[in-house]
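S.K.:
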Amino acid sequence: MTEIHNLEELNELNRDLVFGDYIYFSTKKEIIKYIIKNIHLSTLDSDKSNDIIFEILNIKKYKLAEKHYKYKNYRGAWPEYKPEDFKAAERLIRAIYILLGEKDIVENLIISRFEILDIRKK
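Sequential numbering of the sequence shown, starting at 1039, is according to my numbering.
(1) Could you check the C-alpha separation between V1056 and R1129 for me, to the nearest Å?
(2) Mind checking K1099: buried by the 16 CB within 10 Å criterion, or exposed?
(3) Can you name the start and end residues of the beta strand (DSSP E) that Y1060 belongs to?
(4) Taking one C-beta from the stretch 1074–1083 and one from the stretch 1103–1110 each time, how about it: are there three or more such pairs within less than 8 Å?
(5) Drop a sphere of 10 angstroms on the beta-carbon of D1142, count the other beta-carbons inside from all chains shown, and report buried for 16 or more, exposed for fewer.
(6) From the DSSP output, read off the bridge partner residues of L1079.
(7) Taking the alpha carbon of K1120 as the point to measure from, which residue in I1134, Y1135 and A1103 has its own alpha carbon closest?
(8) In whole angstroms, give me the CA-to-CA distance for Y1060 and I1090.
(9) Compare the C-alpha of I1069 against each of I1094, R1132 and A1126 and name the closest.
(10) Rounded to the nearest angstrom, what separates G1058 and M1039 at their Cα positions?
(11) From which residue to which residue does the alpha helix (DSSP H) around H1106 run?
(12) Do A1127 and L1051 have their beta-carbon atoms positioned less than 8 Å apart in this structure?
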């Protein structure tokens, strides 16, 4: 069982993801921890729903899953993939890491813009 914390670690993994691997998604506020199950990812935090990362990103989970699984699925808080289709899971995980990175860039640009505007007011 391997722990993956970011896209770089996923890219450096010398094997496919497997049942029991741990996936960590870092946001500005917290780290969301998941474990890979047979047909979905499950949060390790019992007080969080499996779809918390989709809520944080404010994206339509089934639409994103369909694009990366390459088949439709409308079940599960974490959109279910076909049994043991860990390659499909990896494609979605990879997309989420990329979206989290883009979200950070946009938020930092907005903060920088507000700082510039604040400076101009003085």
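Every residue, glycine too, gets a C-beta built ideally from N, C-alpha and C.
M.R.: According to the structure shown:
(1) To locate residue 1056, count along the sequence shown from 1; it is residue 18. To locate residue 1129, count along the sequence shown from 1; it is residue 91. Rounded to whole angstroms, V1056 to R1129 spans 13 Å at the Cα level.
(2) The residue given as residue 1099 occupies position 61 in the sequence shown. Buried is the call here.
(3) To locate residue 1060, count along the sequence shown from 1; it is residue 22. Y1060 to S1064 is the span of the beta strand (DSSP E), which, as asked, contains Y1060.
(4) no
(5) One-based indexing of the sequence shown puts residue 1142 at position 104. Exposed, since its Cβ has fewer than 16 Cβ neighbours within 10 Å.
(6) If you number the sequence shown from 1, residue 1079 lands on position 41. Answer by DSSP bridge pairing, in chain order: I1074.
(7) Along the sequence shown, one-based indexing puts residue 1120 at 82. When each option's Cα is compared against that of K1120, the closest is A1103.
(8) Taking the first residue of the sequence shown as position 1, residue 1060 is located at position 22. Taking the first residue of the sequence shown as position 1, residue 1090 is located at position 52. The alpha-carbon atoms of Y1060 and I1090 are separated by roughly 16 Å.
(9) Reading the sequence shown from its first residue, position 31 is the one you call residue 1069. Selected option, being the one with the closest Cα: I1094.
(10) Taking the sequence shown and counting its residues from 1, the one referred to as residue 1058 is at position 20. Taking the sequence shown and counting its residues from 1, the one referred to as residue 1039 is at position 1. Straight-line Cα distance between these residues: approximately 6 Å.
(11) Within the sequence shown, numbered from 1, the residue matching residue 1106 stands at position 68. Segment K1099 to Y1107, the alpha helix (DSSP H) holding H1106.
(12) For the purposes of this step, residue 1051 is taken as residue 13 along the sequence shown, with counting starting at 1. For the purposes of this step, residue 1127 is taken as residue 89 along the sequence shown, with counting starting at 1. Against a cut-off of 8 Å, the Cβ pair of A1127 and L1051 comes out as no contact.
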